[in-house]
Structures are given as C-alpha cells and as structure tokens.
Amino acid sequence: MQAPIVITGGSSGIGRAIRLRLEAAGYNTLNLDIQRGEDDCQNFIACDLSAPESLHEAVESIKVPSGGLGGLICVAGVGPLPDDPLQVMQVNFLGTRKLTQLLLPRLRRGGSVTLVASSAGRDWRENRVQVDAMVATPGFADGERWLRDSTEAGSDWQAEAYKFSKQCLAAYTYHAVGAAQPFGVRVNCINPGITETNLSADFRDMLGSDTYDRIVGLSGRAGQPTDVAGLAEFLCVGDAGWINGVEITVDGGYFAGVVADWHPKSP
C-alpha cells in the first residue's frame, strides 16, 4: 500500500489545490480539516487545530502503514480575526506545531514536512525576541500560557496576531529540522504571497484595499492556489531529498522588488 500523505486544510484553497495535484499524480492523501469540502476527497478526518483533544483523536485515527506515512503538508489556517487573536495563534501556530510533533515519529524515513506559512511572516527575524520566546514554548498549553502572560505584560502581539502566527510558524521550521533529523525527515516552509482563496477578503481588510491592490499590481496578478501546489508537490515527493530547512517565497517576484527597491514609488 502506498504511504498516504497527510494534508491539513485540504478541503479548500491552497490545501485543496495541493491535494488534487497529488491525487492526480497517483498519490494517496489524507485530508485533515474542519469539514470535508465540496469535492469527494479520498480520505477525510475531521480535525480542529485549535483543540488539542481533536488533534490527538485525529492522529490516533490515522492508520499508519508499516513503513510510515509518506509526508505531512500543513496548510490549514485562519486569516486575520480581530475579535479572536488567540484562535489565530491556536490554529496557525500552536495546533500546526502540535500536529507536526505528533506525526513526526509516524513519518517514513526520507519523508518530509512542508509548513505553509505566509509572506506576512517572512520578516520574523525583525521580531525575533517575541518569536523566539513563543517558539521556545514546548507545548500547546505552554504556548497559550505565554500568550496570556505576554498580554498581561503589555505585549502587543494581539494587534497583528495573524502576522505573528506566521512569523512563529516560519521560525519554527528551523527548530523542526532538528527535531525531525533523528527520523530521517526533512522540513521546509513555503511563504505564499497574496493568493486568491476564500480568505482574500480578510486580507484585503487587513492590508487595506489600496495596499492590497498595489501589491497585486506590482506582482502582475494575484497568486492562485495552483501556483503553490507545484512547489509543495516537489518538496514532498519530488527530487528534493537534499532540500531541508529552507523558506521559499511564492509571490511572483514582489518581495524581490522590496529587497532591491525597484518597485515604482507610490504617487
């Protein structure tokens, strides 16, 4: 039996595009998501990343073949939720990290983990004190405690919870590489730019329409979920066995213009 590849968030958006691409190539997939979605996916397990008990139940229900699971691609996430910053952190970082920790021993040697973060988090080094402190928390409850304590101490992480969650996930990649090494598993991170999904309206609200439209214009177009799917497939099942511990931005070149300052100036 072919080892299944676990995908979180495989019911919609980028996760669905990755799942469909892998299935079309003949791979078995296992979709962990809140709901099944519109199409009939091969295998589905309900999983709420914001609830540790749901994570444990989902993992225990996975039938792991003797050689281990083929890979893990973590895509599931929520957009900016101004009214519930804690849930943003629970889903986008704490739950994703917990699932990765639980599944690492169940992956086959030579397998891989791909974390899908965001271009919003690629500047995590500029917020390294907070990010390192959050990533250093060993577990889900410890992370929640850190968030509460930080809020009481005056931290403003809640003001940009989405950005902070993706900064933490991108930074966690480097820690996960060390944790995965004894299992012979690689870990990499994809940072998509603006991509057309059911969360697009939330990102437009977060950035403001002018900024959102400017980024899309400078990129040439908004990204599509399929733009990310090809890279995710390559990192998971392609000839990528020596690619480990890297972040790859998928934004059509927008960030290159930011770095080299060749974008036209705003009027």
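Residue -10 is where the sequence shown starts when you use the working numbering, and the numbers rise one by one after that. Built from N, CA and C at the ideal position, the CB exists for glycine as well.
Report the rounded CA-to-CA distance for residue i versus residue j, giving the unit in angstroms.
i      : j      : result
Glu236 : Arg210 : 22 Å
Gly227 : Asp73  : 38 Å
Val174 : Ala142 : 38 Å
Tyr151 : Phe244 : 19 Å
Pro139 : Ala125 : A small fix is needed here, since residue 139 is Ser in this sequence, not Pro. Distance between the alpha carbons of Ser139 and Ala125: 14 Å.
Met78  : Val67  : 9 Å
Pro41  : Trp251 : 45 Å
Gln213 : Gly4   : 12 Å
Pro181 : Pro54  : 32 Å
Cys63  : Leu11  : 14 Å
Tyr16  : Ile179 : 21 Å
Phe153 : Ala249 : 25 Å
Tell me whether residue i sits in a helix, a strand or coil according to DSSP, three-state version.
i      : result
Thr184 : strand
Gly15  : coil
Thr126 : coil
Ile3   : helix
Val226 : helix
Gly246 : helix
Gly26  : coil
Gly197 : coil
Val53  : coil
Within the present structure, is the beta-carbon of residue i separated from the nearest heavy atom of the ligand MG by less than 8 Å?
i     : result
Asp22 : The ligand MG is not among the ligands present in this structure, which contains no ligands whatsoever.
Which partner residues of residue i appear in the DSSP bridge assignment?
i      : result
Ala177 : Ala is not the amino acid found at residue 177; the sequence shown has Asn there. Paired residue(s): Thr103.
Cys20  : The question names Cys, but residue 20 in the sequence shown is Asn. Answer is Ile(-4) and Phe33, bridged to Asn20.
Val205 : None, per the DSSP bridge assignment.
Leu58  : Leu96
Thr238 : Asn180
Gly110 : Partner(s): none; Gly110 has no beta bridge.
Gly212 : Thr184
Original post:
Residue ranges of each alpha helix (DSSP H) run of no fewer than 4 residues wholly in the region 63 to 105, ordered along the chain?
Top reply: 74 to 78 and 85 to 92
Original post:
Are at least three pairs of beta-carbons, each pair with one atom in the region 83 to 94 and one in the region 118 to 133, less than 8 Å apart?
Top reply: yes
Original post:
Hey, is the region 193 to 212 in contact with the region 159 to 172, meaning 3+ C-beta pairs nearer than 8 Å?
Top reply: no
Subject >> contact_flag[the region 20 to 29, the region -3 to 4] where n(CB pairs < 8 Å) is 3 or more >> reply: yes
**OP:** Let me know the alpha helix (DSSP H) ranges lying completely inside the region 132 to 182, each 4 residues or longer, listed in chain order.
**Re:** 150 to 169
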